[in-house]
Amino acid sequence: MAIPSDRKSLLAAIETSFAKLMDVIEAIPTDRVGEATMEGHSAGSQISVRDAVAYLVGWNELVLKWQARREAGAAVDFPETGYRWDELGRLAEKFYRDYDDLPYPELIDRLRRAKNDIVALIAAQSDQSLYGVPWYGKWPLGRMIQLNTSSPYANTRARLQKWRKAAGLA
3 MAIPSDRKSL LAAIETSFAK LMDVIEAIPT DRVGEATMEG HSAGSQISVR DAVAYLVGWN
63 ELVLKWQARR EAGAAVDFPE TGYRWDELGR LAEKFYRDYD DLPYPELIDR LRRAKNDIVA
123 LIAAQSDQSL YGVPWYGKWP LGRMIQLNTS SPYANTRARL QKWRKAAGLA
């Protein structure tokens, strides 16, 4: 899929990749979602399906936090307060912990809500505000959203499919 360059294509990329991701997630038996047997986000680590979903929730909610802080005129710590871009493995581990106590069905609901909130955020923007001006460094808002929604949805889907095959679930 081409990199989105306007609101319509960004919304389509998010909706398409999210729907495909959810098809895979919903095909995984809930009694298997806690098995830490999938390659993790840090070299040599192992995560569970649950962790993979928590990772997506973490990034989606972070995008919403960035925009809320920006709209409030507050400073935004990229990627997150206390983390640098070269510490994304450590940030992934934070996301796993952040949602560890949340029951799995609620975690899935939280992912859906965060995605829907991002879709609403995009729908309220113009093509110019999404792609016509830098939002973080050289990156426009639309690209930052895409890098933290549709791209990770597609990547996680591929990882889950690989895991399902290895686990004999495909």
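The sequence shown begins at 3 in my numbering and counts up by one.
Each residue gets a CB set at the ideal place from its N, CA and C atoms; glycine is no exception.
Item: For LYS96 and THR151, believed in contact at Cβ under 8 Å, the rounded distance; Value: With a Cβ gap of about 19 Å, THR151 and LYS96 do not count as contacting.
Item: C-alpha gap between ARG34 and ILE16, whole angstroms; Value: 26 Å
Item: Cβ-based neighbour list, LEU93, same chain, cut-off 7 Å, excluding 5 preceding and 5 following; Value: PRO81, GLU82, TYR85
Item: Nonlocal neighbours in the same chain, by C-beta distance under 6 Å from HIS43, ignoring five residues either side; Value: GLY91, ALA94
Item: Top-ranked residue by Cα proximity to ALA14, from ILE124, ARG72, SER47; Value: ILE124
Item: Alpha-carbon to alpha-carbon, ASP129 and ASP111; Value: 29 Å
Item: Distance between ASN157 and PRO136 (C-alpha atoms, nearest Å); Value: 25 Å
Item: Identified DSSP bridge partners for TYR85; Value: GLU82
Item: Proximity to TYR155 [Cα-Cα], best of TYR57, GLN69, ASP102; Value: TYR57
Item: Identity of the residue in TYR98, GLN69, ALA77, GLN48 nearest GLY144 by Cα; Value: GLN69
Item: Cβ-Cβ separation, ALA160 to ARG166 (assumed contact under 8 Å), whole Å; Value: Incorrect: roughly 11 Å between the Cβ atoms, too far for contact.
Item: Cβ-Cβ distance between ILE5 and ASN62 below 8 Å; Value: no
Item: Residue range of the beta strand (DSSP E) that includes PRO136; Value: 136 to 138
Item: Residues near ARG72 in its chain [Cβ-Cβ closer than 7 Å; skip 5 each side]; Value: VAL78
Item: Closest by C-alpha distance to PRO107, when choosing among VAL65, ALA126, MET24, LYS140; Value: MET24
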